[in-house]
Amino acid sequence: MNRVATRLTPPATLVTADPAAVGMSRDLPARLDSIVSVAMAEGAAPGVALAVGRWGRLVHLRGYGRIDVAPDAPAVTDSTMFDMASLTKVVATTTAAMILEDEGQLNLDAPVRSYLPELTDSAKARITVRMILTHSGGFEAFSALWREHRGRADYLAQINARPLAYNPGDSVIYSDWDFVLAGLIIERITGMPLDQFVATRVWQPLHMRDTGFNPLSSGTMPSDSDCTAAFRPDHPLLARIAVTEMDTAYRHAKIHGIVHDENACAIGGVAGHAGLFSSARDAAVFSQMLLNGGEYGGVRLIQATTVARWTARQSNHSSRALGWDTPSEHSSAGRYFSPRSFGHTGFTGTSIWMDPERGVFVVLLTNRVNPTRANLRHEALRRDIGEAVQGAILDAPLVEWRAR
1 MNRVATRLTP PATLVTADPA AVGMSRDLPA RLDSIVSVAM AEGAAPGVAL AVGRWGRLVH
61 LRGYGRIDVA PDAPAVTDST MFDMASLTKV VATTTAAMIL EDEGQLNLDA PVRSYLPELT
121 DSAKARITVR MILTHSGGFE AFSALWREHR GRADYLAQIN ARPLAYNPGD SVIYSDWDFV
181 LAGLIIERIT GMPLDQFVAT RVWQPLHMRD TGFNPLSSGT MPSDSDCTAA FRPDHPLLAR
241 IAVTEMDTAY RHAKIHGIVH DENACAIGGV AGHAGLFSSA RDAAVFSQML LNGGEYGGVR
301 LIQATTVARW TARQSNHSSR ALGWDTPSEH SSAGRYFSPR SFGHTGFTGT SIWMDPERGV
361 FVVLLTNRVN PTRANLRHEA LRRDIGEAVQ GAILDAPLVE WRAR
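The letter at position 145 of the sequence shown is residue 145 when you use the working numbering, and the numbering goes up by one with no holes.
Laid out in structure tokens, this is it:
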């Protein structure tokens, strides 16, 4: 019979605590250390940063390995900055959209073209903001526009010109174009570049000092520039940024300190779908803010009802919330938590998952694409960490949640 833990009120900001203080197995940190060490020995990634918390208490925050495959590369710490890849969609773009809806500036059921009049294709007239946030707008999954195109205006024209993959609202296909458009909508509404808006409205109020786009740049990049213009080989921050892939197709260099995603790079490194860098320490703060219902450190960013609505499954036909994802039969990160949990993953090997029912968050950051994106060993790492954290919750049965 499982021991029932008394749910604790989260403090104003994260504090460290022993797992036993929050109803978790005392040996959880040792088990997590073992899981990560084995995974890294098997080639899951050169570097890993992991944060686990419950009820506003950090029970595990640690870096493992190095930022690169080289044996003399700097060690990963809790403040090492990782390319978050598609976590950009939720940490940056979705959060910005929630803030704008709270302020009455964003209407989820308005047509996308009401914010982006360049979307003139009649087939796209019915696509709403809600559809792109749930990946049901009809767009194709992916296209390598970076091979021939540069800049926001060029990309928007191409998204408008390319045929839809299905009728809007009829299906769900995960597409970067949905969040390229969402990022552009935020910029049109606010009159600010996306990176500036989230810096002033999210990172700064939360004191997330390791988080941002184009970390090597001293200012906002021109929208028609290539992200490589921000690279500085002697920049001191490079020692704190995890190295990603050896790019043999576009940049023809080891990707370090600039966005890994080619399409995000081709529009200046700031995009709604990719481009964000962050650390386990900062991502833990962000996660707790959402578990707190949009408030952290006495600062309210988002209304609690908005957080609950946006992180809930939007349809019986898909696991998608608004921006976020929820547990499903094929979920790689969330199947070990309650049906109310939500999260997202990123192509570079990043993951965030939160469970409001149990007050738990898990942040796993890796550079699994170093040296090649063909490496998929990190998937077992995510699974094992999820199982370990769920199994450590003493007041919950060790039962894997499955889609009903």
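Just so you know, even glycine gets a beta-carbon here, dropped at the ideal spot from N, CA and C.
Note that the structure is predicted; figures quoted are calculated from it, not measured.
- In the DSSP assignment, Val-38 falls outside any beta strand (DSSP E) and lies within the alpha helix (DSSP H) extending over 28-41.
- In this structure Asp-178 touches His-135 by the C-beta definition: roughly 5 Å separates them, less than 8 Å.
- Just so you know, the alpha carbons of Thr-16 and Ile-99 end up roughly 29 Å apart.
- The beta carbon of Thr-94 lies closer than 6 Å to those of Gly-323 in the same chain, with the five residues before and after it left out.
- Annotation for Ser-351: the continuous beta strand (DSSP E) segment containing it runs 350-355.
- Counting along the chain, Arg-313 sits inside no beta strand (DSSP E), nor does DSSP assign it H or E at all.
- Between His-207 and the set Thr-6, Thr-9, Thr-13 and Ala-271, the nearest pair of CA atoms involves Thr-13.
- In the displayed model, Tyr-155 falls within a helix according to three-state DSSP.
- Counting along the chain, Arg-57 sits inside no alpha helix (DSSP H); it lies in the beta strand (DSSP E) bounded by residues 57-65.
- Between Leu-394 and Ser-25, the gap from beta carbon to beta carbon is short of 8 Å.
- In the DSSP annotation of this structure, the continuous segment of the beta strand (DSSP E) that includes Val-360 starts and ends at 360-366.
- Secondary structure of Asp-83 (DSSP, three-state): strand.
- Under the DSSP definition of a beta bridge, Thr-128 partners with Pro-111.
- With a cut-off of 8 Å on Cβ pairs, the stretch 118-125 is not in contact with the stretch 314-322, counting fewer than three such pairs.
- Excluding five sequence positions before and after Ile-189, the CB atoms of its chain that fall closer than 7 Å to its own CB belong to Leu-100, Gln-105, Leu-106 and Tyr-115, given in chain order.
- With a contact defined as Cβ atoms closer than 8 Å, Asn-375 and Ala-242 miss out at about 14 Å.
- The Cβ atoms of Asn-263 and Asp-68 lie no closer than 8 Å to each other.
- When secondary structure is reduced to three states using DSSP, Glu-187 falls in the helix class.
- Classified as exposed, Phe-142 has fewer than 16 neighbouring CB atoms from the shown chains inside 10 Å of its CB.
- At a Cβ-Cβ threshold of 8 Å, Pro-205 and Leu-301 count as neighbours.
- Counting along the chain, Ala-51 sits inside the beta strand (DSSP E) bounded by residues 47-54.
- When DSSP states are grouped into helix, strand and coil, Met-98 belongs to the helix group.
- Straight-line spacing of the CA atoms in Gly-151 and Ala-157 works out to 10 Å.
- Here the alpha carbons of Phe-139 and Ala-165 stand approximately 5 Å from one another.
- In the DSSP assignment, Gly-386 falls within the alpha helix (DSSP H) that extends over 378-392.
- By the neighbour-count definition (other C-beta atoms within 10 Å, threshold 16), Asp-226 is a buried residue.
- Across the structure, Met-131 and Val-172 are spaced so that their CA atoms are roughly 9 Å apart.
- Ala-239 is positioned such that its CB atom lies closer than 8 Å to that of Pro-74.
- Thr-345 sits in a strand when the DSSP states are folded into three classes.
- Pairing Leu-108 with Thr-128 gives a Cβ-Cβ distance under 8 Å.
- Phe-277: member of the beta strand (DSSP E) spanning 276-278, first to last residue.
- Under the three-pair Cβ rule at 8 Å, the stretch 339-352 does not count as touching the stretch 213-221.
- The Cβ neighbour count for Asp-27, taken over all protein chains shown within 10 Å, is under 16; the residue is labelled exposed.
- Assignment of beta-bridge partners to Glu-295 by DSSP yields Arg-300.
- Rounded to whole angstroms, the separation of the alpha carbons of His-378 and Gly-43 is 8 Å.
- In the three-state scheme derived from DSSP, where H, G and I count as helix and E and B as strand, Asp-247 is classed as strand.
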